[in-house]
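K.L.:
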Amino acid sequence: MKEGWVLIFTANETYQAKIAEDVLKQNGIESHILTTPDSVIPSLGEAKLYTVEEKAEHARKVLAENDLIKAE
Numbered sequence: 001m002k003e004g005w006v007l008i009f010t011a012n013e014t015y016q017a018k019i020a021e022d023v024l025k026q027n028g029i030e031s032h033i034l035t036t037p038d039s040v041i042p043s044l045g046e047a048k049l050y051t052v053e054e055k056a057e058h059a060r061k062v063l064a065e066n067d068l069i070k071a072e
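For the sequence shown, the positions run 1 to 72 when full-length UniProt numbering is used.
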């Protein structure tokens, strides 16, 4: 990932990361998903959600408020 971006969420399936990405977008927080697809079924595999460092704390709070991650 580009410099200045931090990992805020990891999901076992891409759709879970997409839901989190959409929630962040609705709250004005830019984020991007990077996937490591399963070699047999590309839609399966780990998905990592990143956002800019300055928004990471707020992004985690938004995800926790929406029950997508545990509150820290």
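Using N, Cα and C, we set each Cβ at its ideal position, and we do this for glycine too.
List in chain order: all unbroken beta strand (DSSP E) runs of 3+ residues lying wholly within the UniProt domain "DUF2007" (5-65).
P.N.:
Runs of the beta strand (DSSP E) inside the UniProt domain "DUF2007" (5-65): 5-13, 31-37 and 44-52.
K.L.:
Give every residue of the same chain whose Cβ lies closer than 6 Å to the Cβ of residue 68, excluding the five residues on either side of it in the sequence, and list them in chain order.
P.N.:
The residue you call residue 68 lines up with position 68 of the sequence shown. Cβ neighbours of residue 68 beyond the five flanking positions: 20.
K.L.:
Going by beta carbon distance, what residues of the same chain come within less than 7 Å of residue 58, once the five residues before and after it are set aside?
P.N.:
One-based indexing of the sequence shown puts residue 58 at position 58. Excluding sequence neighbours, residue 58 sits near 29.
K.L.:
Please work out which residues of its chain come closer than 6 Å, Cβ to Cβ, to residue 47, disregarding the five sequence neighbours upstream and downstream, and give them in chain order.
P.N.:
Here the question's residue 47 lines up with position 47 in the sequence shown. Contacts found: 11, 14, 17, 33 and 35.
K.L.:
Between the Cα of residue 60 and those of 4, 2 and 8, spot the shortest distance and give me the residue it belongs to.
P.N.:
Here the question's residue 60 lines up with position 60 in the sequence shown. Among 4, 2 and 8, the Cα nearest to that of residue 60 belongs to 8.
K.L.:
Tell me which residues share the same chain as residue 5 and place their Cβ nearer than 8 Å to its Cβ, disregarding the 5 neighbours each side in the sequence.
P.N.:
For this step, residue 5 is matched to residue 5 along the sequence shown. Closer than 8 Å at Cβ, skipping near neighbours: 32, 50, 51, 52 and 53.
K.L.:
Let me confirm a value: residue 55 is counted as buried when at least 16 other C-beta atoms fall within 10 Å, else exposed. Which label applies?
P.N.:
To locate residue 55, count along the sequence shown from 1; it is residue 55. Counting Cβ neighbours within 10 Å, residue 55 comes out buried, since at least 16 surround it.
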